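J.:
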Amino acid sequence: MRIEGRGDETNREELHDGSGAVQLPSIWFSHRQQAAGSRDAVRRLRVFLGRRAHRGEMDVGMRQTHSASAGVHLLLALTLIACNSHLLVQANSWWSLAMNPIQRPEMYIIGAQPLCSQLTGLSQGQRKLCQLYQDHMVYIGEGAKTGIKECQYQFRQRRWNCSTVDNTSVFGRVMHIGSREAAFTYAISAAGVVNAVSRACKEGELSTCGCSRAARPRDLPRDWLWGGCGDNVNYGYRFAREFVDAREREKNYLKGSIDHARTLMNLQNNEAGRMAVYNLANVACKCHGVSGSCSLKTCWLQLADFRRVGEFLKEKYDSATAMRINRRGKLEQVNQRFNVPTAEDLVYIDPSPDYCLRNESTGSLGTHGRLCNKTSEGMDGCELMCCGRGYDQFKTYKHERCHCKFHWCCYVKCKRCTSLVDQFVCNFGGSLPPPSPPWSSDSERRQSGQNHPVRERGETPGDKLDGAELREEGECPAFILRHRVCNTDRSGTSDSTSDSQDTMSPCSSESECTRNGTTASRRTVHHEPDEKTEAEEERSSDEGFMGMTPLLQAHHAMEKMEEFVHKMWEGRWRVIPHDVLPDWLKDNDFLLHGHRPPMPSFRACFKSIFRIHTETGNIWTHLLGCLFFLCLGIVYMFRPNMSFVAPFQEKIVIGAFFLGAILCLSFSWLFHTVYCHSEGVSRIFSKLDYSGIAFLIMGSFVPWLYYSFYCSPQPCVVYLIVVCILGLAAITVSQCDFFATPQYRGVRAGVFVGLGLSGVVPTLHFVISEGFLRATTIGQMGWLFLMAALYITGACLYAARIPERFFPGKCDIWFHSHQLFHILVVAGAFVHFHGVSNLQELRYTVGAGCTADGAL
Numbered sequence: 001m002r003i004e005g006r007g008d009e010t011n012r013e014e015l016h017d018g019s020g021a022v023q024l025p026s027i028w029f030s031h032r033q034q035a036a037g038s039r040d041a042v043r044r045l046r047v048f049l050g051r052r053a054h055r056g057e058m059d060v061g062m063r064q065t066h067s068a069s070a071g072v073h074l075l076l077a078l079t080l081i082a083c084n085s086h087l088l089v090q091a092n093s094w095w096s097l098a099m100n101p102i103q104r105p106e107m108y109i110i111g112a113q114p115l116c117s118q119l120t121g122l123s124q125g126q127r128k129l130c131q132l133y134q135d136h137m138v139y140i141g142e143g144a145k146t147g148i149k150e151c152q153y154q155f156r157q158r159r160w161n162c163s164t165v166d167n168t169s170v171f172g173r174v175m176h177i178g179s180r181e182a183a184f185t186y187a188i189s190a191a192g193v194v195n196a197v198s199r200a201c202k203e204g205e206l207s208t209c210g211c212s213r214a215a216r217p218r219d220l221p222r223d224w225l226w227g228g229c230g231d232n233v234n235y236g237y238r239f240a241r242e243f244v245d246a247r248e249r250e251k252n253y254l255k256g257s258i259d260h261a262r263t264l265m266n267l268q269n270n271e272a273g274r275m276a277v278y279n280l281a282n283v284a285c286k287c288h289g290v291s292g293s294c295s296l297k298t299c300w301l302q303l304a305d306f307r308r309v310g311e312f313l314k315e316k317y318d319s320a321t322a323m324r325i326n327r328r329g330k331l332e333q334v335n336q337r338f339n340v341p342t343a344e345d346l347v348y349i350d351p352s353p354d355y356c357l358r359n360e361s362t363g364s365l366g367t368h369g370r371l372c373n374k375t376s377e378g379m380d381g382c383e384l385m386c387c388g389r390g391y392d393q394f395k396t397y398k399h400e401r402c403h404c405k406f407h408w409c410c411y412v413k414c415k416r417c418t419s420l421v422d423q424f425v426c427n428f429g430g431s432l433p434p435p436s437p438p439w440s441s442d443s444e445r446r447q448s449g450q451n452h453p454v455r456e457r458g459e460t461p462g463d464k465l466d467g468a469e470l471r472e473e474g475e476c477p478a479f480i481l482r483h484r485v486c487n488t489d490r491s492g493t494s495d496s497t498s499d500s501q502d503t504m505s506p507c508s509s510e511s512e513c514t515r516n517g518t519t520a521s522r523r524t525v526h527h528e529p530d531e532k533t534e535a536e537e538e539r540s541s542d543e544g545f546m547g548m549t550p551l552l553q554a555h556h557a558m559e560k561m562e563e564f565v566h567k568m569w570e571g572r573w574r575v576i577p578h579d580v581l582p583d584w585l586k587d588n589d590f591l592l593h594g595h596r597p598p599m600p601s602f603r604a605c606f607k608s609i610f611r612i613h614t615e616t617g618n619i620w621t622h623l624l625g626c627l628f629f630l631c632l633g634i635v636y637m638f639r640p641n642m643s644f645v646a647p648f649q650e651k652i653v654i655g656a657f658f659l660g661a662i663l664c665l666s667f668s669w670l671f672h673t674v675y676c677h678s679e680g681v682s683r684i685f686s687k688l689d690y691s692g693i694a695f696l697i698m699g700s701f702v703p704w705l706y707y708s709f710y711c712s713p714q715p716c717v718v719y720l721i722v723v724c725i726l727g728l729a730a731i732t733v734s735q736c737d738f739f740a741t742p743q744y745r746g747v748r749a750g751v752f753v754g755l756g757l758s759g760v761v762p763t764l765h766f767v768i769s770e771g772f773l774r775a776t777t778i779g780q781m782g783w784l785f786l787m788a789a790l791y792i793t794g795a796c797l798y799a800a801r802i803p804e805r806f807f808p809g810k811c812d813i814w815f816h817s818h819q820l821f822h823i824l825v826v827a828g829a830f831v832h833f834h835g836v837s838n839l840q841e842l843r844y845t846v847g848a849g850c851t852a853d854g855a856l
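Under the UniProt record's numbering, residues 1 to 856 are what the sequence shown spells out, in order.
#1: Secondary structure at I188, three-state DSSP: helix, strand or coil?
#2: Should W704 go down as buried or exposed, given a rule of 16 or more other Cβ atoms within 10 Å for buried?
#3: Excluding the 5 residues preceding and the 5 following L129 in the sequence, name in chain order all residues of the same chain whose CB lies nearer than 7 Å to its CB.
#4: Measure the beta-carbon distance from F306 to N234 and round it to whole angstroms, keeping in mind my assumption that it falls under 8 Å.
#5: Kindly indicate which three-state DSSP category K251 falls into: helix, strand or coil?
#6: Taking 8 Å as the cut-off, does the segment 143-162 touch the segment 192-207 (at least 3 CB pairs, one atom from each stretch)?
#7: In its own chain, which residues sit with a C-beta less than 7 Å from the C-beta of F685, not counting the 5 before and 5 after it?
#8: What residue does the alpha helix (DSSP H) around V702 start on, and which one ends it?
#9: Which residues mark the beginning and the end of the beta strand (DSSP E) in which D422 is found?
#10: Which of the three DSSP states is assigned to Q840 in this structure?
#11: Secondary structure at W814, three-state DSSP: helix, strand or coil?
#12: With DSSP collapsed to three states, give me the class of Q131.
#13: Write down every uninterrupted run of the alpha helix (DSSP H) in the segment 341-401 whose length is 4 residues or greater and which is fully enclosed by it, in chain order.
#14: Can you name, in chain order, every residue of its own chain whose Cβ lies under 6 Å from the Cβ of F312, other than the five neighbours on each side?
#15: Would G366 and L357 be called neighbours here (beta carbons separated by less than 8 Å)?
#16: Determine the DSSP secondary structure at V747, reduced to helix, strand or coil.
#17: Out of curiosity, what's the CA-to-CA distance linking A187 and V722?
#18: Considering just the uninterrupted stretch of the beta strand (DSSP E) at A284, what are its terminal residues?
#19: Between the C-alpha atoms of Q840 and E770, what's the straight-line distance to the nearest angstrom?
#20: Where does T577 land, buried or exposed, given buried means 16+ other C-beta within 10 angstroms?
#21: Helix, strand or coil: which one does DSSP assign to H593?
#22: For the segment 390-400 against the segment 342-349, do three or more pairs of beta-carbon atoms, one drawn from each stretch, fall closer than 8 Å, so that the two count as touching?
#23: Are the beta-carbon atoms of C201 and G236 separated by less than 8 Å?
#24: Taking the beta strand (DSSP E) that L301 belongs to, which residues open and close that run?
#25: List the whole-angstrom C-beta distance separating N427 from R389, where the pair is believed to meet the contact cut-off of C-beta under 8 Å.
#26: Using 8 Å as the cut-off, can you tell me whether the segment 205-212 makes contact with the segment 156-171, which would need three or more C-beta pairs spanning the two stretches below that distance?
#27: DSSP state of A322, grouped into three classes?
#28: Is the segment 819-828 touching the segment 786-797, taking contact as three or more C-beta pairs under 8 Å?
#29: Quick check on the DSSP output: the alpha helix (DSSP H) that includes Q333 runs from which residue to which?
#30: Report the rounded CA-to-CA distance for L663 versus L696, giving the unit in angstroms.
#31: Rounded to whole angstroms, how far is the Cβ of M265 from the Cβ of M175, which I believe are closer than 8 Å?
#32: Using the DSSP secondary-structure output, state which residues sit across from W226 in a beta bridge.
#33: Could you give the residue range of the alpha helix (DSSP H) that holds K145?
#34: Within 10 Å of its beta-carbon, does Y719 have 16 or more other beta-carbons around it, so buried, or fewer, so exposed?
#35: Judging by CA-CA distance, which residue of R416, Y278, S601, P715 is the nearest neighbour of H765?
#36: Sort out for me which residues DSSP pairs F406 with in a bridge.
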């Protein structure tokens, strides 16, 4: 495992109070995540104490007073540091479990100090989980180690190559910046924990889980057996979510602050890493049969190779979305032209620092000493890897196996061949210590009183040249041919936190640039201290771009075109199982697969109606029903015979039904479309969905009461008033959050049941007054009873979760209870319309007059 590098040394600053020196680590004053108020208070305290240290002559009494005052300020400083102890916690990380081996719990002697108290980097919640699941901790460490190794592999040819440092922060200060690199690190670490825990369950290493119990895939052939011991991805996902996200959930930052934005960023990237492992898990099968005939296959769920997970997340890294915190305390895109990232995408809130040069404040280790490929035009090429500073060419010996032969039976025997190859190493950067003079021997260096500067290997995690030692710029080993390429300027300086790639460094001497009879070109960049106008800055930027080498120009142009690549990757999502849904999206426990993940925007929600998932049928059944009743209402209300008796009154009566049906179906399909956006949006549209049911019931009663009691206006008016009152009460109850609490569930159910049963009284009145036979034939009661049967059947299927209750996982996409309920509601509404239209036609045939013994 390549885990090397130099840690961020904590510089110390002295606060003088006249009586001595007090050393405080400067990390408290430069930490990016520190609260603004605390940072200002510390700065003012430092200035105040510094001024007191440089005051002029004072008498003895004043000195004593100032000394006591300085002691008070020192106490305040220590108190302030204690109050900001979350910085210490943030400096530690559970990633440190990968750095130190964890002994298994059963190896601890009874009565010894518990394992969890000895582990560093755990938050309070993670420590509690450690106490409950001690046997999991060794696999969390293995998962973190796997994630770090994969991170170093994926970025081995980048300027930042996932180097680690020798402290509990693991990656150093570079993780304090919310950059793309931090996003990838959080995602790959979370993915490593899912991978390790899932596999440990399969191997029987954990007491709380076993083999996977995933449902049989629908596309698996019937004659293949399902039930082999698979990797328990569901358990690994859930445990990794609880453990990894515990630190972020414990934080209580001010909503809308930069700390809150970083917390949301970390949670998003943790989820993206876990979803990568979950979605890439596949089905593995093994053949059984005589002589390999494969007459039978046994299949199980298997984790994908972690290299594939790393490559997938690397693609997400290249298409990561820049985000910012808004006033509502949520992350939003910096560039609104692109699709909002899904749960599988990586996000970042800060631009990446300059990884060309070493910078203690950002944690960049620089690229000095990194191996590069002279012939490559990619990021591993010397031109880009060395940031234009030039590189050293070495001759080194490479050992490899060769002349391999197969011997019966059965082994392969090879020889060891040694060849002399060229290696190229990046030069020093401008922010590194100046190179040492070319002393001819160690004795001369000691006589001059100079120490050899500590060699900074930059971000090279363990790259060593076989037998060839990396020397400083002034030294040339006798047996090594060295060719220095100098395309740098001598006076240029660089801001180590800049994103510019045109960073140049000086050559050590003129002779260095003229070796092998070649004089390298040099250019000088003048840095003016005076302020420039906007036009001058733009002109200088263009000149700097034109001054780059072609490779650097191409790289700069590619970075500017990055946002166009995002369009190819953003907006993609996959269906997820019920187990990983958030609680507010869990509605039916018998629908096991095919659910939509939480959507980041309304646009993504509406685009999802063209995808296959558990809500596809619910959306389209009522969307098509809404369009059907809208067209039917327009045609029916403006047909010629509607212009006869009381045309305006007739249109209001029949229009009430169409309005209720259209509102009900519209609110329904809108709710099923956007309820996965967020919990707040789901709650709002759920209220509209319930209100639509009340509108449908009220609109259905209006034409039936009007045409049934046409000759008895008084009962008609009374029944209409009662129905409207109950309907408005149902709408009020559905819209009011006060009645949404569990203790008022009976009130809600009672109001809607009362609204539905309010049609029983006028029906009995009509049957008694007209007689059963006459009411059935003339009053179209058969259609009314059929409508009631359809509505009641649909409601019963929905409430009982039939048929998915008896066939879990078989009706996830089509023909589950909610879809059947929707279909029966549309059918019941059409049956009701058919009965009302027949009753209207019958009234036209009888005439406007009323019989003496009946209502018609």
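Every residue gets a Cβ at the ideal spot worked out from N, C-alpha and C, and that includes glycine.
Values in this document were obtained by computation on a predicted structure and should not be read as measured data.
T.: Let's see:
#1: Start at 1 with the first residue of the sequence shown, and residue 188 comes out as number 188. It is helical.
#2: Stepping through the sequence shown from its first residue, residue 704 is reached at position 704. Counting Cβ neighbours within 10 Å, W704 comes out buried, since at least 16 surround it.
#3: To locate residue 129, count along the sequence shown from 1; it is residue 129. So the qualifying residues of the chain are E242, F243, A246.
#4: Here residue 306 refers to the residue found at position 306 of the sequence shown. Here residue 234 refers to the residue found at position 234 of the sequence shown. F306 to N234, Cβ: 18 Å. No contact.
#5: The residue you call residue 251 lines up with position 251 of the sequence shown. The answer is coil: DSSP assigns K251 none of H, G, I, E or B.
#6: yes
#7: As a working note, residue 685 is residue 685 in the sequence shown. Correct list, in chain order: L670, F671, V674, Y675.
#8: By 1-based counting over the sequence shown, the position of residue 702 is 702. Where V702 is concerned, the enclosing alpha helix (DSSP H) starts and stops at 679-708.
#9: The residue labelled residue 422 in the question sits at position 422 within the sequence shown. That run of the beta strand (DSSP E) goes 411-426.
#10: To locate residue 840, count along the sequence shown from 1; it is residue 840. Helix at Q840.
#11: Position 814 of the sequence shown, counting from 1, holds the residue named residue 814. Secondary structure at W814: coil, using DSSP grouped into helix, strand and coil.
#12: Taking the first residue of the sequence shown as position 1, residue 131 is located at position 131. In the structure shown, Q131 sits in a helix (DSSP, three-state: H, G or I).
#13: 382-385
#14: Translated into the one-based positions of the sequence shown, residue 312 becomes position 312. Same-chain partners within the cutoff: A276.
#15: The count along the sequence shown starts at 1 and reaches residue 366 at position 366. The count along the sequence shown starts at 1 and reaches residue 357 at position 357. Against a cut-off of 8 Å, the Cβ pair of L357 and G366 comes out as a contact.
#16: Counted from its first residue, the sequence shown places residue 747 at position 747. V747 falls in the helix class under three-state DSSP.
#17: Residue numbering aside, residue 187 sits at position 187 when the sequence shown is read from its first letter. Residue numbering aside, residue 722 sits at position 722 when the sequence shown is read from its first letter. CA-to-CA, the gap between A187 and V722 works out to about 59 Å.
#18: Numbered from 1 along the sequence shown, position 284 holds the residue referred to as residue 284. 282-288 is the span of the beta strand (DSSP E), which, as asked, contains A284.
#19: Position 840 of the sequence shown, counted from the start, is the residue given in the question as residue 840. Position 770 of the sequence shown, counted from the start, is the residue given in the question as residue 770. Spanning the two alpha carbons is a distance of roughly 17 Å.
#20: Sequence index remark: in the sequence shown, residue 577 carries index 577 (1-based). In the sequence as presented, Thr is not what sits at residue 577; that position holds Pro. Buried, since its Cβ has 16 or more Cβ neighbours within 10 Å.
#21: By 1-based counting over the sequence shown, the position of residue 593 is 593. H593 falls in the coil class under three-state DSSP.
#22: no
#23: Your numbering for residue 201 matches position 201 in the sequence shown. Your numbering for residue 236 matches position 236 in the sequence shown. Closer than 8 Å, so yes.
#24: Residue mapping note: residue 301 aligns to position 301 of the sequence shown, counting from 1. It spans 296-302 - the beta strand (DSSP E) in which L301 sits, taken as one unbroken run.
#25: Indexing the sequence shown from 1 puts residue 427 at position 427. Indexing the sequence shown from 1 puts residue 389 at position 389. Going by Cβ atoms, the distance from N427 to R389 rounds to 5 Å, so yes, they are a contact pair.
#26: The segment 205-212 is not in contact with the segment 156-171.
#27: Position 322 of the sequence shown holds residue 322. Strand, per DSSP.
#28: yes
#29: Your numbering for residue 333 matches position 333 in the sequence shown. Counting along the chain, Q333 falls outside any alpha helix (DSSP H), though it belongs to the beta strand (DSSP E) covering 331-333.
#30: Within the sequence shown, the letter at position 663 stands for residue 663. Within the sequence shown, the letter at position 696 stands for residue 696. Distance between the alpha carbons of L663 and L696: 7 Å.
#31: Locating residue 265 in the sequence shown gives position 265, counting from the first residue. Locating residue 175 in the sequence shown gives position 175, counting from the first residue. The pair is not a contact, with the Cβ atoms about 12 Å apart (cut-off 8 Å).
#32: Position 226 of the sequence shown, counted from the start, is the residue given in the question as residue 226. Answer is C299, bridged to W226.
#33: If you number the sequence shown from 1, residue 145 lands on position 145. That run of the alpha helix (DSSP H) goes 137-154.
#34: The residue given as residue 719 occupies position 719 in the sequence shown. It is buried - the Cβ of Y719 has at least 16 other Cβ atoms within 10 Å.
#35: In the sequence shown, residue 765 corresponds to position 765, counting from 1. Cα-wise, what sits closest to H765 is P715.
#36: Counting from 1 along the sequence shown, the entry for residue 406 is found at position 406. Per DSSP, V412.
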